[in-house]
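Chains as they are written, first to last, in my numbering: chain C, 1454 to 1606; chain G, 6 to 127.
For every residue, glycine included, the Cβ atom is placed at its ideal position computed from N, Cα and C.
Keep in mind that this is a model prediction, so the values were computed, not measured.
Take a look at the structure set out below.
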Amino acid sequence: MTNQSEPRSRRMKTYAVLALAVLAQAAGNVFLSKGMKYVASLEHAGALDLTAIPLQAAGNPMIWIGVALSIAFYILFATALSWTDLSLVLPVISAEVFVNVAFADYFLGESVSTVRWTGTFLIAAGVILVLRSERKKALPPCQDQRVETVPER
Amino acid sequence: MKTAIVIAIIVLADSAHDVLLTKGMKQVGEVSTIKPRELFLYARKVVSNKNFLAGFFFTVLYFFSFLAVLSWADLSFVFPATSLVYVAGTFGARFVLGEKVSFQRWVGILLVCMGVAMTSLQ
Chain C
1454 MTNQSEPRSR RMKTYAVLAL AVLAQAAGNV FLSKGMKYVA SLEHAGALDL TAIPLQAAGN
1514 PMIWIGVALS IAFYILFATA LSWTDLSLVL PVISAEVFVN VAFADYFLGE SVSTVRWTGT
1574 FLIAAGVILV LRSERKKALP PCQDQRVETV PER
Chain G
6 MKTAIVIAII VLADSAHDVL LTKGMKQVGE VSTIKPRELF LYARKVVSNK NFLAGFFFTV
66 LYFFSFLAVL SWADLSFVFP ATSLVYVAGT FGARFVLGEK VSFQRWVGIL LVCMGVAMTS
126 LQ
């Protein structure tokens, strides 16, 4: 393996892990949202809500599937962080906002309006601008044009 | 109002989690083996790292606040609203750490705020 191909293969591995992380997170959020909405829709006895709701949530399989997928996201994200810098991880993670809204629209039937989609687009554009300005600040001037390079550990 | 307070908790916990987890994982080093014994030793190193543990605490806080808000609010609003973490980070950098914030970053923050305001309209 050459010196050039090593960072490239590592970068591909990082992106693959992050793609899996984003999908696991969005699917997990769908299950959590379904589970919590179901629990909240059950009849609860007023003052007992503080104990009844967590107990109902703990007994709901959808919550457990959501928790398992969230843990999978957490492990994948932590693994990617150990391979590279947060500045490289976050732009990929910023795609999660689209994936989550798309999953909410498709799987939860939230019928996302054009205004909400436009808002989502503005958020993603804003996040990219913030992260690009952070990366510029972090890199020395000579590396500024080589943003695709994975920093060597 | 209830939704705004819980989203503020989520945003602050998320900021703390990102910083502490990154610091912790950098201190521990990367995963370079699949041997069970070495993986076990690595996991022990991870769970005994103070920054990782603090990051994990904020992750738990984030998670339970997120669960709570999902019981009454739309995922398609809640999730984009958590992007306010970038706004919190920028204000923290500017007014707590006294860092210089670029014009590009302020534009990004403005877009995030406008986007969150738009997603809350539905």
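Buried or exposed for Lys105 of chain G, please, with buried defined as at least 16 other CB atoms from any protein chain shown within 10 angstroms of its CB.
By one-based count along the second sequence, residue 105 of chain G stands at place 100. That one is exposed.
Would you kindly work out how many angstroms separate the C-alpha atoms of Ala1577 of chain C and Val1550 of chain C, rounded to a whole number?
Here residue 1577 of chain C refers to the residue found at position 124 of the first sequence. Here residue 1550 of chain C refers to the residue found at position 97 of the first sequence. If I take the Cα positions, the gap works out to 7 Å.
Cβ shell of Glu1601 of chain C (< 7 Å), same chain only, five flanking positions each side left out
Stepping through the first sequence from its first residue, residue 1601 of chain C is reached at position 148. Unreliable positioning characterises Glu1601 of chain C in this predicted model, as indicated by a pLDDT of 42, which lies under 50. The coordinate reading is nonetheless provided below. Correct list: empty, nothing qualifies.
Can you tell me the Cα-Cα spacing of Leu66 of chain G and Tyr91 of chain G, whole angstroms?
The count along the second sequence starts at 1 and reaches residue 66 of chain G at position 61. The count along the second sequence starts at 1 and reaches residue 91 of chain G at position 86. In a straight line, the C-alpha of Leu66 of chain G is about 18 Å away from that of Tyr91 of chain G.
State buried or exposed for Ile12 of chain G, treating a residue as buried only when at least 16 other CB atoms are found within 10 Å of its CB.
Within the second sequence, numbered from 1, the residue matching residue 12 of chain G stands at position 7. That one is buried.
Suppose contacts are defined by Cβ-Cβ distances below 7 Å. Is Ser20 of chain G in contact with Gly94 of chain G by that definition?
Locating residue 20 of chain G in the second sequence gives position 15, where the first residue counts as 1. Locating residue 94 of chain G in the second sequence gives position 89, where the first residue counts as 1. Yes, they are a contact pair.
So which residues of chain G does Trp1536 of chain C contact, with C-beta pairs closer than 9 Å?
Translated into positions along the first sequence, residue 1536 of chain C becomes position 83. Here the neighbours are Glu35 and Val36.
Check the Cβ-Cβ distances between Thr27 of chain G and every residue of chain C, and say whether any is below 7 Å.
Counting from one through the second sequence, the residue named residue 27 of chain G turns up at place 22. Yes, because at least one Cβ of chain C sits closer than 7 Å to the Cβ of Thr27 of chain G.
Under the three-state DSSP convention, the category Ser1462 of chain C falls into:
Along the first sequence, read from residue 1 onward, the residue named residue 1462 of chain C stands at position 9. Here Ser1462 of chain C carries a helix assignment [DSSP, helix/strand/coil].
Is any beta-carbon of chain G found at less than 7 Å from that of Ile1528 of chain C?
For the purposes of this step, residue 1528 of chain C is taken as residue 75 along the first sequence, with counting starting at 1. No - not a single Cβ of chain G is within 7 Å of the one on Ile1528 of chain C.
The stretch 1510–1523 of chain C / the stretch 1553–1561 of chain C touching (three or more Cβ pairs under 8 Å):
no
Residue span of the alpha helix (DSSP H) that contains Asn1553 of chain C, given as start and end:
Stepping through the first sequence from its first residue, residue 1553 of chain C is reached at position 100. Segment Glu1549 to Phe1560, the alpha helix (DSSP H) holding Asn1553 of chain C.
Considering only the beta carbon of each residue, do Phe1530 of chain C and Ala1474 of chain C sit closer than 7 Å?
Counting from 1 along the first sequence, the entry for residue 1530 of chain C is found at position 77. Counting from 1 along the first sequence, the entry for residue 1474 of chain C is found at position 21. A contact, by the Cβ cut-off of 7 Å.
Can you name the residues of chain G whose CB is closer than 9 Å to the CB of Ser1462 of chain C?
Residue numbering aside, residue 1462 of chain C sits at position 9 when the first sequence is read from its first letter. Within 9 Å Cβ-Cβ: nothing; Ser1462 of chain C doesn't reach chain G, min ~14 Å.
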